[in-house]
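Using the numbering used here, read the sequence shown as starting at 13 and increasing by one per residue.
Take a look at the structure below.
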Amino acid sequence: MRTRVKICGITRRQDARAAAEAGADAIGL
């Protein structure tokens with residue numbers, strides 16, 4: 013089983029892109 017990763021506190025489009033490229037499964041705005 014793989015651990016899912018969520019990055020919270022995303023406020024800028026480039027941060028969302030960086031989180032996705034880093035492998036985040038989900039982001040919080």
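Every residue, glycine too, gets a C-beta built ideally from N, C-alpha and C.
Practice item. Report all residues from its chain with a CB closer than 6 Å to the CB of Val-17; omit the five preceding and five following residues, and keep chain order. Key: Position 5 of the sequence shown, counted from the start, is the residue given in the question as residue 17. Counting only residues of its own chain and dropping the five nearest sequence neighbours on each side, Val-17 has a CB closer than 6 Å to the CB of Ala-36 and Asp-37.
Practice item. Please say whether Thr-15 and Leu-41 have beta carbons closer to each other than 9 Å? Key: To locate residue 41, count along the sequence shown from 1; it is residue 29. To locate residue 15, count along the sequence shown from 1; it is residue 3. Their beta carbons are not under 9 Å apart, which means Leu-41 does not touch Thr-15 by this criterion.
Check your understanding: By how many angstroms is the C-alpha of Met-13 removed from the C-alpha of Cys-20?
Key -> Working through the sequence shown from its first residue, we reach residue 20 at position 8. Working through the sequence shown from its first residue, we reach residue 13 at position 1. Roughly 22 Å between the two C-alpha positions.
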